[in-house]
Amino acid sequence: MSLFRIFINQDDEDMATSKKVITRDEWEKKLNAVKLRKQDMNTLVMNFLVTEGYVEAADKFQRESGTKPEIDLATITDRMAVKKAVQNGNVEDAIEKVNDLNPEILDTNPELFFHLQQQRLIELIRQGKTEEALEFAQEELAPRGEENQAFLQELEKTVALLVFEDASNCPVKDLLDISHRLKTASEVNAAILTSQSHEKDPKLPSLLKMLIWAQNQLDEKAVYPHINDLSTGQLEDPSE
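Right, dumping it as structure tokens:
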């Protein structure tokens with residue numbers, strides 16, 4: 001990012017009348033002058049693979065590059081099994097797997113445990129098991145709602161699904177959407193990573209956001225080749 005800072009911090013008086021124009025050759029020369037260690041790049045890639053759960057790719061990358069992951073790759077398989085169980089609606093199985101990994105994860109994270117139990121309730125409602133859903137809500141979730149106002153509000157929203165025969169007319173129908181499963185799965189995935197002293201989010205997306213921010217800042221002072229498509233990383237002239 002030092003390359004962008006060089007231009008962003010240039011004297012504003014030099015830019016007062018017009019933006020500085022930087023040709024592709026000039027820009028590429030400056031980019032090539034920035035030295036990046038291959039080891040740092042490999043560590044960044046490994047961080048992404050481990051955090052996102054690509055265990056086979058991480059194992060292959062470790063063997064090919066010699067880059068050691070920050071955690072035991074075997075734990076990735078266990079973590080992904082939990083995540084997949086939630087994504088498939090098998091929440092009870094997911095809870096058992098989390099406890100097998102580390103019982104303290106749910107013991108020390110009441111919000112996560114409530115959200116998993118809430119997802120169990122949603123799955124019962126999805127399956128049309130009304131009586132079982134009501135019993136589960138009363139026995140497992142209501143006591144937690146009495147202790148936490150936010151939990152109570154979430155419980156009331158979820159139980160509202162039972163009032164509507166046609167879920168498409170329910171104002172909280174988004175709870176039945178698959179995206180809610182994915183949200184819960186992402187939450188438990190992050191909790192497991194945190195318990196393993198690993199960042200819950202990969203570093204690469206944050207760096208790409210910084211790149212976009214830096215380009216936006218530099219746009220105010222200069223005309224230069226951009227990286228518009230992050231998937232290719234190709235430079236594009238402003239005229240293109």
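All residue numbers for the sequence shown refer to full-length UniProt numbering, where the first residue is 1 and numbers rise by one. Heads up, the beta-carbon is just placed ideally off N, CA and C, and yes, glycines get one too.
Within the model, the alpha-carbon separation for Glu140 versus Gly128 is close to 19 Å. Residues Val55 of the same chain have their beta carbon placed closer than 7 Å to that of Thr77, with the five preceding and five following residues left out of the count. Beta-bridge partners assigned by DSSP to Val223: Val21.
DSSP, read as helix, strand or coil, puts Glu135 in helix.
Cβ neighbours of Leu175 within its own chain (closer than 8 Å, five residues either side excluded): Ile122, Lys157, Thr158, Leu161. In the structure shown, the three-state DSSP call for Leu44 is helix. A distance below 8 Å separates the beta carbons of Val21 and Val223. Secondary structure remark: continuous beta strand (DSSP E) runs of at least 3 residues inside the stretch 176 to 218: none found. Sixteen is the threshold: since fewer than 16 other Cβ atoms of the shown chains lie within 10 Å of the Cβ of Arg63, the residue is exposed. The C-alpha of Phe164 lies about 10 Å from the C-alpha of Pro171.
Thr75 and Val50 have their alpha carbons spaced roughly 10 Å apart. In this structure, the straight-line span from the alpha carbon of Leu211 to that of Ala137 is close to 46 Å. Under DSSP, Leu235 takes part in a beta bridge, and its partners are Ile227. Distance check between Pro103 and each of Pro238, Gln119, Gln196 places Gln196 closest, using alpha-carbon atoms only. Contact annotation, Lys200 with Thr194: C-beta distance approximately 6 Å; criterion of less than 8 Å satisfied. In this structure, the alpha-carbon of Ser186 lies about 21 Å from that of Leu124. Beta-carbon to beta-carbon, Val34 and Ile192 are separated by about 36 Å, too far to satisfy the 8 Å threshold.
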